[in-house]
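Numbering (this note's numbering), first residue to last: 62 to 326. All C-beta atoms, glycine included, are put in the ideal place defined by N, C-alpha and C. So the structure is just underneath, and the comments pick up after that.
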């Protein structure tokens, strides 16, 4: 399993599967997770694509720096990884925070992202949702940050979520460095330049020029993003009744929808 030293004392763990002649895929996990999140999908994609699944900085087996654990820096890390692997462009697929990271990659490095797939992405939060973020941040700063992270993770599941998925994510959160959880969450939603809350989300993601497939569990946020996708090949899908981890709950259906859109777009 390879590691990439991308500079500034950052080493990224990634896997590199598949030899298909389709465009390379870059799989990007969410907050407090790692690239194991794509274990349900890699084999199904590797038959026709080269598939790169990476642990973002601060997560999984990658370096855990004291500072800079932010979506913008993570996107720059991915650009550096692509350069190191001599991959000029990818189809970037991101879940949750990963959806924010790949959107930043597409805006700041548009030549590197051929298409983009956002899976219940970490942007487009309404003011009502964002009202609770200061309390969450205070808890992540407090004496029991992992308990706070697990409490937040309950929002990410529902009765559709198998227990094994719920347990895996809780175990992963308990293994995270607390300062990474805090820095990443703040940078997503509350710090200057964060794009996770409207209207900052609107202003930023409308800058994406590539085709976008966005899959949501929330009908209101799906309708919101549909009005912001500029490329005519873009598509927004809503799987009502699913949880935030919809691609893990329904991996077969996710692969069907993804493959069909890749062929059509």
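By alpha-carbon distance to residue 74, the top candidate from 83, 82, 125, 197 is 125.
A contact is defined here as three or more CB-CB pairs under 8 Å, and the stretch 230-240 meets this definition with respect to the stretch 119-134. In the three-state DSSP reduction, residue 242 falls in the helix class (H, G or I). In this structure, residue 278 lies away from residue 316, with their beta-carbon atoms at least 8 Å apart. In this structure residue 157 is buried. Its beta-carbon is surrounded by 16 or more other beta-carbon atoms within 10 angstroms. The stretch 284-301 makes contact with the stretch 261-270; the number of CB pairs closer than 8 Å reaches 3 or more. Beta-bridge annotation (DSSP): residue 164 is not paired with any residue. Residue 229 has its alpha-carbon roughly 15 Å from the corresponding atom of residue 221.
Shortest Cα-Cα distance from residue 176 to any of 300, 270, 314 involves 270. By the Cβ rule, the stretch 188-201 does not count as touching the stretch 294-302, because fewer than three pairs are nearer than 8 Å. Restricting attention to beta strand (DSSP E) runs no shorter than 3 residues, the stretch 90-175 encloses them at 110-115, 151-156, ordered along the chain. By DSSP's assignment, residue 186 forms a beta bridge with 258. Sixteen is the threshold: since fewer than 16 other Cβ atoms of the shown chains lie within 10 Å of the Cβ of residue 128, the residue is exposed. Judged by their CB atoms, residue 68 and residue 136 are not nearer to each other than the 8 Å cut-off. When Cβ pairs closer than 8 Å are counted between the two stretches, the stretch 73-87 is seen not to touch the stretch 204-218, the count staying below three.
At least 8 Å separates the beta-carbon of residue 180 from that of residue 87.
In this structure residue 281 is exposed. Its beta-carbon is surrounded by fewer than 16 other beta-carbon atoms within 10 angstroms. Boundaries of the alpha helix (DSSP H) around residue 197: 194-202.
Excluding residues up to 5 positions away in sequence, 130 lie with their Cβ nearer than 6 Å to the Cβ of residue 244 in the same chain. When secondary structure is reduced to three states using DSSP, residue 229 falls in the helix class. With respect to the C-alpha of residue 302, the residue from 187, 217, 116, 159 having the closest C-alpha is 217. By the C-beta density criterion, residue 111 is buried, having at least 16 other C-beta atoms within 10 angstroms.
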